[in-house]
Amino acid sequence: MGFFSFIKEAGEKLFGGKEAEAAVQDNPAAMEELNARAATAIEAYIASQNLGVEAVQVTFDGTQGKVTVRGQAPTQEALEKVTLCCGNVANVKDVDNLMAVVAPAPEAQYHDVVRGDTLSAIAKKFYGDANKYPKIFEANKPMLTHPDKIYPGQKLRIPPL
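Residue numbers (the numbering used here): -13 to 147.
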């Protein structure tokens, strides 16, 4: 799937932010342990989404804010949701998704949420019809739990109609 950029300060708070950075500055040897804990937290978050992916392996490089994920996804949609699971996490700037997909399909587009965005406005922009917002909501479940709960900096999948 490739390489995606995200906003480092936005997203789920799964592991240490500023505290971890301070600890690493005081003790650079701690970086390897923090990277491993962050990778484990991201793997657990992916597993909690029940996407049907297998053999997921995550590595995290805290100095670059980069996640690399490997494994196998049953569908293109699951593969793309794994990318979002990894990238919509605080302190992650880039995701390199190297997963294989069993059933390839056309890739979705993506949208970076900005202040004032709504799913209806995003649907109007991509589909020409604000009433198609449920398509975007469904495409981003289970990471989205309600259509009104999106935040600036979040990256959303915009599947083809």
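Think of the CB as a built atom: it goes at the ideal place given N, C-alpha and C, for glycine as much as any other residue.
These numbers come from a predicted model, not from an experiment.
- Within the same chain, Cβ atoms closer than 6 Å to the Cβ of Pro138 are found at Val99, Val100 and Arg101, the five residues on either side in sequence being excluded.
- According to the DSSP assignment, Arg143 belongs to the beta strand (DSSP E) that extends over Lys141 to Ile144.
- Looking at the backbone, the Cα of Ile136 and that of Leu105 are separated by about 8 Å.
- Annotation: the region 41 to 129 contains the following complete segments of the beta strand (DSSP E) (minimum length 3 residues), in chain order: 52 to 61, 80 to 83, 86 to 89 and 95 to 98.
- Under the 10 Å beta carbon count, Leu70 is surrounded by 16 or more other beta carbons and is classified as buried.
- Listed in chain order, the non-local C-beta contacts of Lys(-1) below 6 Å within the same chain comprise Ala76, local neighbours out to five positions each way being set aside.
- Counting the other CB atoms within 10 Å of its CB gives Ala24 a total of 16 or more, which places it among the buried residues.
- In this structure, Lys141 sits near Phe(-8), with a CB-CB distance shorter than 8 Å.
- By DSSP's assignment, Phe(-8) forms no beta bridge with any residue.
- Distance between Lys111 and Glu18, taken at the CA atoms: about 43 Å.
- Within the same chain, and ignoring the five residues on either side of Gln95 in sequence, the residues whose Cβ sits closer than 6 Å to its Cβ are Ile144.
- A straight-line Cα-Cα distance of about 15 Å links Thr54 and Val39.
- Contact between Ala59 and Met85 holds, with the beta-carbon distance rounding to 5 Å and staying under 8 Å.
- In the DSSP assignment, Leu20 falls within the alpha helix (DSSP H) that extends over Ala16 to Ser34.
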